[in-house]
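Our numbering puts the first residue of the sequence shown at 13, with every later residue one more than the last. For reference, the structure discussed in these notes is given below.
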Amino acid sequence: MKNTKKKEKVFDNKVLTSFLSDSSLRECSNIRIGGKASYLFTPQSVSDLVLILANTKKAGLDFLPVGGGSNILFGNVGDRVVILDRDLPKICEVNDNQVVVSSNYDINRFLNEMMEFELGGLEFLAGIPAHLGGTVNMNAGAFGKKISDYLDWVEIINPEGKEEIIQRKALKFDYRHSSIDGFITKIAFNLEEKTREKISSDMQSILTERRKRHPYDFPSLGSTFKNPPGYFAGKLVEECGLKGSRIGEAEISEKHGNFILNKGNATFKDVMGLIELVRKEVLKRKGIQLELEIKVIN
Ligand SMILES: Cc1cc2nc3c(=O)[nH]c(=O)nc-3n(C[C@H](O)[C@H](O)[C@H](O)COP(=O)(O)OP(=O)(O)OC[C@H]3O[C@@H](n4cnc5c(N)ncnc54)[C@H](O)[C@@H]3O)c2cc1C
13 MKNTKKKEKV FDNKVLTSFL SDSSLRECSN IRIGGKASYL FTPQSVSDLV LILANTKKAG
73 LDFLPVGGGS NILFGNVGDR VVILDRDLPK ICEVNDNQVV VSSNYDINRF LNEMMEFELG
133 GLEFLAGIPA HLGGTVNMNA GAFGKKISDY LDWVEIINPE GKEEIIQRKA LKFDYRHSSI
193 DGFITKIAFN LEEKTREKIS SDMQSILTER RKRHPYDFPS LGSTFKNPPG YFAGKLVEEC
253 GLKGSRIGEA EISEKHGNFI LNKGNATFKD VMGLIELVRK EVLKRKGIQL ELEIKVIN
């Protein structure tokens, strides 16, 4: 009750129709950790999203788009306005080898639909529990490829609440980073013509490789740390003898040293404890400062 009063002051009533009250962030993160947010929205239309962002700006608050939640660790999110993409309209339009798709498409569903059009290229992302908006924002990559190589343009709602189309050449992409500032709503990709059979067999080999290397039996956020130039973060963790280390119910995977698993009811503090342990030990023993790949929201 106390919370609702506060929200009404910041957001007008129209926006409140898409307000998801009393929801926990736990279900919004793939590692299944998270408490309550003061402001958690699931807009059902782009015009709702525009209103939410315009009101957020007016109130002087920060916003956080959430897609698949496969790279976000929630702590205390404070007054951040958390906006889920899941209820926005889903579109996917194919024109020759160009595809315009809404950012809330699940990556695996997208790859399977594109296979029917004999369009490929992004199979290296098969098996990632993410949405397209998150993968473009993070410039997701694997097996030597990255998503920005297939991008033509993005449509965003900028922090002022205005719609903008930004061409690929106006954006900067680095390792797990993009210069995009706003909520991505649509993405245009230029894909490769590829037979259904080839796409399917490439996806199968990627999935087999991932299952071989990565732990899929407990919730995680994938790679916790970026690979420092010339090194693999997972290997450094292993060489420091930290695989299997546990704090509370969070554990460094025995299978892959860069994955932290939620073995039950792990907390934000448990995961942060392991992150600090790894950073300290890798710095002490290897002289390397590890940088986070996951987004810690606290
Ligand atoms: C099992 C597993 C395997 C993984 N393997 C890989 C891998 O091989 N390669 C790789 O690169 N990553 C991998 N990841 C990490 C993760 O899937 C990627 O970082 C992915 O890009 C995140 O997408 P998401 O939709 O889940 O984004 P989220 O986790 O929801 O968000 C990630 C970031 O993107 C922002 N964001 C989300 N949606 C939007 C939007 N619509 N507009 C603007 N910003 C947005 C968020 O604010 C946040 O900063 C893996 C994760 C797991 C759990």
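Heads up, the beta-carbon is just placed ideally off N, CA and C, and yes, glycines get one too. Just so we're clear, the structure is a prediction, and the values are computed from it rather than from any experiment.
Apart from sequence neighbours up to five positions away, the residues of its chain that approach LYS69 with a beta-carbon distance below 8 Å are PRO171, GLU172, GLY173, ordered along the chain. Annotation for ILE192: no alpha helix (DSSP H) segment contains it, and DSSP assigns it neither H nor E. When the five nearest sequence neighbours on each side are left out, the beta carbons in the same chain lying within less than 6 Å of the beta carbon of ILE259 are those of ASP282, GLY285, LEU286, in order along the chain. In the three-state DSSP reduction, ASP186 falls in the strand class (E or B). Relative to the non-hydrogen atoms of ligand 1, the Cβ of PRO77 comes within a distance shorter than 6 Å of at least one.
By the Cβ-count criterion, ASN149 is buried, with 16 or more other Cβ atoms from all chains shown falling within 10 Å of its own Cβ. By the beta-carbon neighbour count (other beta carbons within 10 angstroms, threshold 16), GLU263 is buried.
Non-local C-beta neighbours of ARG208 in its own chain, meaning closer than 6 Å and more than five positions away in sequence, comprise MET127, GLU130, ordered along the chain. Only exposed fits PHE155, as fewer than 16 other CB atoms lie within 10 angstroms of its CB. Counting only runs of at least 3 residues, the segment 48-72 fully encloses the following beta strand (DSSP E) elements, listed from N- to C-terminal order: 51-53. A distance below 6 Å between beta-carbons, with the five flanking residues on each side excluded, links GLY269 to the following residues of its chain, in chain order: GLY246, VAL249, GLU250, LYS255. As summarised for the segment 230-267, the continuous alpha helix (DSSP H) elements at least 4 residues long and confined to that stretch are 245-251, given in chain order.
The continuous alpha helix (DSSP H) containing PHE122 extends over residues 119-128.
Beta-bridge pairing by DSSP links SER82 to no other residue.
For THR197, the three-state secondary structure derived from DSSP is strand.
No heavy atom of ligand 1 is found nearer than 6 Å to the CB of GLY260. Put simply, of ILE177, ASN239, ASP214 the residue whose alpha carbon is nearest the alpha carbon of THR197 is ILE177. Considering only PHE271, LEU273, PRO141, the residue with the shortest C-alpha distance to LEU219 is PRO141. Under a 10 Å Cβ-count criterion, SER59 is classified as exposed, with fewer than 16 other Cβ atoms of the shown protein chains found around its own Cβ. CA-to-CA, the gap between ASN83 and PRO227 works out to about 15 Å. By the Cβ criterion, the segment 46-58 is not in contact with the segment 236-243, since fewer than three pairs of Cβ atoms, one from each stretch, lie closer than 8 Å. With respect to the 7 Å criterion, LEU144 and TYR117 are classified as neighbours on the basis of their beta carbons. Of LEU203, SER57, PHE271, the smallest CA-CA separation from ASN109 is found for LEU203. The alpha-carbon of GLY80 is positioned some 35 Å away from that of ARG297. In this structure, the CA atom of PRO55 is about 12 Å from the CA atom of PHE195. GLU266 counts as exposed, since fewer than 16 other beta carbons sit within 10 angstroms of its beta carbon. Ligand 1 has a heavy atom closer than 6 Å to the beta-carbon of ASP97.
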